[in-house]
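Step one of this worksheet: look at the structure below.
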Amino acid sequence: MLHLRPLAEDDIALLKTIDRTELIEEFYRLQDGGLVCYREHEAVTGWPAGEAEHDEVILQQCYQRGGWLQGIFDDARLVAAAVVDCLPIASAGLDLRQLKFLHVSQGWRGLGLGRQLFALAREQARAMGAQGLYVSATPSRHTVDFYQGLGCELLVVPDPELLRLEPEDIHLCLRLA
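Last residue of the sequence shown? That's 443 in my numbering, and every number before it is there in order.
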């Protein structure tokens, strides 16, 4: 049985148990202010070496400063999660909050869990006083299309620090009305 709940600090270590398995056939890159789709085969079988541990430290810091962390559990197993940082980002003339994490385990995709978590993240950003949500998306076509389908727009001029941290990502923004 699936249930949604805020993540406690002790739950952050569970984020690495989310199954990121995915077969990716198409990617996007930013070129001349627009997205260009290209074919490339990549089989994702888990977390890249060291990434889960690195993310755990960053998400612990986010939690400690008042960030929002939400998880969906199947009984005791964490199967999806989203995190919104409370630190303001000034970009595109807006006061934004970053969607730091949104993943759904492979076996639970297609059930609307990502959309549900994104809707909650959007409302949390609004509650934090943000004018929008900043999304640094992995460049797979499926991921970028997911966010664009939810109303996110390409940031032609990304936040310099976030671009430095994730130069391959596609930087997007969801404006909140």
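Just so you know, even glycine gets a beta-carbon here, dropped at the ideal spot from N, CA and C.
- If you compare the alpha carbons of ALA315, ASP298 and GLN330 with that of ILE278, the shortest gap goes to GLN330.
- Note on CYS303: under 16 other CB atoms within 10 angstroms of its CB, so exposed under the neighbour-count rule.
- The three-state reading of DSSP puts ILE284 in coil, since its state is none of H, G, I, E or B.
- The beta carbon of LYS282 is closer than 8 angstroms to those of TRP313, ALA318, GLU319, ASP321 and GLU322 in its chain, skipping five residues each way along the sequence.
- Less than 9 angstroms divides the Cβ of SER402 from the Cβ of LEU365.
- ARG381 and HIS269 have their C-alpha atoms roughly 15 angstroms apart.
- With 16 or more other Cβ atoms inside 10 Å of its own Cβ, GLN390 counts as buried.
- Counted as a single uninterrupted DSSP element, the beta strand (DSSP E) harbouring ILE436 occupies residues 436-441.
- With a beta-carbon spacing of about 6 angstroms, LEU383 and GLN336 fall inside the 8 angstroms limit used to define contacts.
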